[in-house]
Every structure is written in C-alpha cells, then in structure tokens.
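In short: position in the sequence shown from 1, add 40, done, that's this note's numbering.
Notes follow the structure.
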Amino acid sequence: MPTIERINPDTLPDAASLGYAQIVTAEGGKMVFISGQVAWTVDGASPPSDLAAQSEIAVDNLKKALAAVAADVSNVVSLRIYVVDYSPDKGEAVLPAILGAFGSHPTATTVIGVASLADPTLLLEIEAIAIV
41 MPTIERINPD TLPDAASLGY AQIVTAEGGK MVFISGQVAW TVDGASPPSD
91 LAAQSEIAVD NLKKALAAVA ADVSNVVSLR IYVVDYSPDK GEAVLPAILG
141 AFGSHPTATT VIGVASLADP TLLLEIEAIA IV
C-alpha cells in the first residue's frame, strides 16, 4: 500500500481552500497515468453545454477509471485540468466538482487554459496521476 502525504507549508500560499495541495509525496506502490477524462458517457449522449455539469461528469469518469485499477480519489497525487477559454469565473464553475471529490484528499493541481479540446463540445478535460 502506498504512503501519500499532502503538504501545505506555512511558507506558501494557502492551497487547501482551493482544493489542492502545494506538495504531494508518494512512496511505494505503482504509478497510474489516467488519460484526460471529459464529459463523454458510455451511452454516447452529447455533453451538457455548461462547464459545471461537464466538470461533474468528467470527475465521475475519473472515479470510474480509478475504480478500474482498484483505486479511488485518495490515490490521486496530481491533476491537470484543461479549461477552454479559461477565466476566473470558469474556475469557480469547476471548483465544486473538484472540492466535492478531492476535498479531503487534495492533489498537486494545475489548471491550464486552452483554446480548444479534441471535440468542440468539450469545455474541460481532467488528467490524473495516481499511486496504487
């Protein structure tokens, strides 16, 4: 079983309120790289048009990917979140899904604004690294 430590030192800005950790260390276990998860579903339904709803579906898909390797959100050490045409209000739309899933297990997280994703209906993509 891996040992994962999440660190928010007093010498760096508070990250916990934004749902991430400044530093995450991991020992033991195997690294798992999860491809970017988006708001696609197995039934082929079109993604919703709002960012908050797409965030919830992408997080749910990430949880399903983790379950496929006998892991959960507590195993995630890093997230990269790509948001189309990022602005602070879009960050606020994404935050509830991230805090809801990772609130007690903050990850090292980077949010990246992009011009577009693989499909024009997609508004965000979440990539993860986990230790199992």
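Note that the Cβ used here is the ideal one computed from N, Cα and C, for glycine as well.
Practice task
Only counting runs of 3 or more residues, tell me where the beta strand (DSSP E) segments fall wholly within the segment 41–76, in order along the chain.
Solution key: 43–47 and 63–67
Handout entry: CB of P146 within 8 Å of CB of A56, strictly
Key = yes
Handout entry: the segment 46–53 / the segment 121–128 touching (three or more Cβ pairs under 8 Å)
Key = no
Problem - Through-space distance from G143 to I47, alpha-carbon basis - result: 14 Å
Problem - S118, enclosing alpha helix (DSSP H) - first and last residue - result: Run containing S118: none in the alpha helix (DSSP H); it sits in the beta strand (DSSP E), V116 to V124.
Exercise for the section: Grab the span of the beta strand (DSSP E) containing A168 for me, first residue to last. Expected result: L164 to I171
Handout entry: When D112, K70 and L102 are compared against I166, the one with the closest alpha-carbon
Key = L102
Exercise for the section: Rounded to whole angstroms, what's the CA-CA distance from V72 to A66? Just pull it up for me. Expected result: 12 Å
Handout entry: Pair within 8 Å by beta-carbon distance, V78 and A98
Key = yes
Handout entry: Burial state of S86, where buried means 16 or more other Cβ atoms lie within 10 Å
Key = exposed
Exercise for the section: Just the C-alpha distance for V82 and V116, rounded to the nearest angstrom, thanks. Expected result: 23 Å
Handout entry: Pair within 8 Å by beta-carbon distance, I121 and V134
Key = yes
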